[in-house]
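For the sequence shown, counting from 1, position 98 maps to 98 in our numbering; every step adds exactly one.
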Amino acid sequence: MSQTPLADQLARISRDEFNRYLQDFRPVEGQVIDSLNNSTVGKSMDAAQGDAIRARESLARMRERYGTTVTDAQAVGESRQNSLSGALGTLSAGNNAYLADRDNREQTLAGLMNTGQIIRQQALGNWTSAAGSETQRANTNLANSSAYKQQKDAARQSNVATGVATAATIAAAMI
C-alpha cells in the first residue's frame, strides 16, 4: 500500500479489468489464433478441380443437346487446353487461398495486438489519471495548510497588535 490511496484503488480496478480480460477474452483470442493455422489452400484447390470437371461435363451435355461433334484433332487440342487450364485454375485457387489466409492471419493478429494496446493504454491512462488526481489532492492540501498557517499567524499578530493597542490606550487613560 502506498501513500496514494486513490492511485491504489484505480490500480486495483485496472488490475481487476486486466484479470477479467485474461479470464473472459484471452481464451477466445487463443482459439482465434489457433484457427489461423487452418489453411484453406487444400479446400480451394479441390474446389477448383471440381469446378473444372463440372465445366467439362456441362460442355459435353451442351454438345449432346445441340448435336455438335468435334474432330479428333479438336478433341486432342481441347483435352490439352482443359488440362492446362485446370492446372492453372487449381494453382491460382491455391495461391489466392494462401494470400487470403496470410491477409486474414495478419489482420487478425494486428487486430488482437491493437485490442491489447487499447487495454494497456486504458490501464496506463487510469493509473496516470489516479496519480494526477492524488498529486493534485496532495498539492491542494499543502496549499490549504499553508494558507491556514498564514491566516493563523496573521490573526495572532492582529490579536497581539490589538492587545498592545488596547494596553497602550488603557495605560494612556490611567496617566
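Built from N, CA and C at the ideal position, the CB exists for glycine as well.
- Rounded to whole angstroms, the gap between the alpha carbons of Asp72 and Gly86 is 20 Å.
- Shown here, Ile119 sits in a helix according to DSSP, grouped into three states.
- In chain order, Ser44 place their CB closer than 8 Å to the CB of Asn96, counting only its own chain and leaving out the 5 sequence neighbours on each side.
- In this structure, DSSP gives Thr71 a state outside helix and strand, which the three-state scheme calls coil.
- Proximity of the region 74–85 to the region 21–37 falls short of the contact definition, fewer than three beta-carbon pairs being nearer than 8 Å.
- If you compare the alpha carbons of Ala60, Leu10 and Ala143 with that of Asn82, the shortest gap goes to Ala60.
- Under a 10 Å Cβ-count criterion, Glu106 is classified as exposed, with fewer than 16 other Cβ atoms of the shown protein chains found around its own Cβ.
- By the beta-carbon neighbour count (other beta carbons within 10 angstroms, threshold 16), Ala93 is buried.
- Residue burial annotation: Ser14 is buried, with at least 16 other C-beta atoms found within 10 angstroms of its C-beta.
- Taking each of Glu78, Thr69 and Ala161 in turn and checking the Cα distance to Ala55, the smallest one comes out for Glu78.
- When rounded, the separation of the alpha-carbon atoms in Tyr66 and Ile53 is 20 Å.
- Arg12 and Asn19 have their C-alpha atoms some 10 Å from each other.
- For Gly50, same chain residues with a beta-carbon under 8 Å away, outside a window of 5 residues either side, do not exist.
- In this structure, DSSP gives Leu84 a helical state, which the three-state scheme calls helix.
- Around the Cβ of Ala110, a 10 Å sphere holds fewer than 16 other Cβ atoms; the residue is exposed.
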